[in-house]
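Using the numbering used here, the letters of the sequence shown correspond one by one to residues 805 to 1063.
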Amino acid sequence: KNPRRRPLLIALRRTMRAPTRGLLTGFRWDSLGKLASLIFLGLFAVRYTGGLFAWVTENRLERPAYRVVSRLTDGVEVRRYEAYTVAETTVKASFKEATSAGFRLCAGYLFGKNSPRASIGLLRRSLPASAGEKMEMTAPVRQSVAPRGRREVKVSFLMSKKRTLGSLPVPRDAKVKLRSVPAHFAAFKRFNGPPPTDAVVAKKEAVVLKALAETGGVAAVRPVAGGETLVYGYHDPFLVPSLLRRNEVGVMVEGPGAK
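Shown next as structure tokens:
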């Protein structure tokens, strides 16, 4: 090593370290903690203020008309629903995958991927995307899960009661179908939380079936044999805080007590 370079290197190192030592000496680390706290509180306020606004807005959405026929144990309700119309798609996948894919397809139809019923054939298919009708959002988003052993989930959006089946625009995607759901009876368990997993759905369905099994005599309410499991979601899974999100799991029912 060249001895003449040693003093130069020492001086250079001192020069580089001096600003750093001064910066660290004058920096108040408690200020960093306060700043982090303020940022966290700001994000928290934005998240929950926006979530609360979304919750209030979505509570005003049109919902299917029903009346409560009876209340069973564990908060289970037996309801009689009036007839309504849905846009529906069937997805053969797991519950989570089917929910995501089905939601996109039905939302696409609701928000413009459709054609006026008056246009037919090639004319309908050649219409620009802007020709589609944007319709009002409703609640809940319905999922009908096939009996165990079949990986099949039907996802559907309710159509406004202002519209008849014949007045609705035609889906551009052949996977989306329009159909009328006749008046029916169903038993539901309501709960709050994030979108339910397969395990949560199975647990809540068991609560419903147990409550139904405890009815008897002339008031007996029985689930429809081989029926699907119904999962209803009333609020946005991303914007609305889980504590405020309304979910329901249920089954179609029949029997003297549900007449």
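The beta carbon of each residue, even a glycine, is placed where N, CA and C say it ideally should be.
Starting from Arg-908, follow the beta strand (DSSP E) in both directions and report where the run begins and ends. Run containing Arg-908: none in the beta strand (DSSP E); it sits in the alpha helix (DSSP H), 899 to 914.
Per the contact definition of three or more C-beta pairs closer than 8 Å, is the region 885 to 901 in contact with the region 954 to 974? yes
Which residues mark the beginning and the end of the alpha helix (DSSP H) in which Lys-1014 is found? 1002 to 1017
Ala-990 vs Val-1012 beta-carbon contact at 7 Å: no
Can you tell me whether Phe-1042 is helix, strand or coil according to DSSP? coil
Sequence-distant residues of its chain with Cβ nearer than 6 Å to Glu-1052 (five each side left out): Phe-992, Arg-994, Tyr-1036
Euclidean distance between Cα positions of Leu-1034 and Arg-946: Each residue's alpha carbon lies about 7 Å from the other.
Near Glu-886, which residues of its chain fall below 6 Å by C-beta distance, leaving aside the five closest residues on each side in sequence? Ala-869, Ala-987
Rounded to the nearest angstrom, what separates Glu-937 and Ser-904 at their Cα positions? Near 23 Å, if we compare the C-alpha coordinates of Ser-904 and Glu-937.
For a quick check, are the C-beta atoms of Leu-969 and Tyr-888 less than 7 Å apart? no
For Met-1056, the first and last residue of its enclosing beta strand (DSSP E): 1050 to 1058
Here's the rule: buried if 16 or more other CB atoms are within 10 angstroms of the residue's CB, otherwise exposed. What is Gly-826? In this prediction, Gly-826 has a pLDDT of 49, which is less than 50 and means its spatial position is unreliable; what the coordinates show is noted afterwards. Counting C-beta atoms within 10 angstroms of its own C-beta, Gly-826 has fewer than 16 neighbours from the protein chains shown and is therefore classed as exposed.
Paired residues, beta bridge with Pro-1027 - DSSP: Val-1057
To the nearest angstrom, how far is the alpha carbon of Glu-1009 from that of Val-872? 18 Å
Identified DSSP bridge partners for Ser-948: Lys-958, Leu-1034
Sufficient close CB pairs (3 or more, under 8 Å) joining the region 994 to 1005 to the region 1015 to 1026: no
According to the neighbour-count rule (16 or more other Cβ atoms, all chains shown, within 10 Å of its Cβ), is Val-980 buried or exposed? When all chains shown are included, Val-980 counts as buried.
I'd like the span of the beta strand (DSSP E) that includes Val-890, first residue to last. Per DSSP, the continuous beta strand (DSSP E) segment holding Val-890 begins and ends at 888 to 895.
For Val-1044 and Leu-856, the rounded distance between their alpha carbons: Taking the Cα positions, Leu-856 is about 7 Å away from Val-1044.
Go through its chain and collect everything with a Cβ distance to Ser-984's Cβ below 6 Å, but skip five positions before and after it. Taken in chain order, the residues that qualify are Thr-889, Leu-969.
Beta-carbon contacts of Asn-918 that lie in its chain and below 7 Å, excluding the five residues immediately before and after: Excluding positions up to five away in sequence, the list reads Gly-936, Glu-937, Pro-973, Val-974, Pro-975, Arg-976.
Is the beta carbon of Glu-866 closer than 7 Å to that of Ser-971? no
On the DSSP bridge list, what partners appear for Arg-884? Arg-884 pairs with Arg-871, Phe-989.
Out of curiosity, what's the CA-to-CA distance linking Phe-915 and Thr-861? 18 Å
Just to check my reading of the structure: Arg-1049 and Pro-998 have Cβ atoms closer than 8 Å, yes? What is that Cβ distance to the nearest angstrom? 7 Å
By how many angstroms is the C-alpha of Val-1028 removed from the C-alpha of Lys-1063? Because Lys-1063 sits at a pLDDT of 47, beneath the cut-off of 50, its placement in the model cannot be relied upon, and the following sentence gives the value as read from the coordinates. Rounded to whole angstroms, Lys-1063 to Val-1028 spans 14 Å at the Cα level.
Exposed or buried, which one is Gly-912 when buried takes at least 16 other CB atoms within 10 Å? buried
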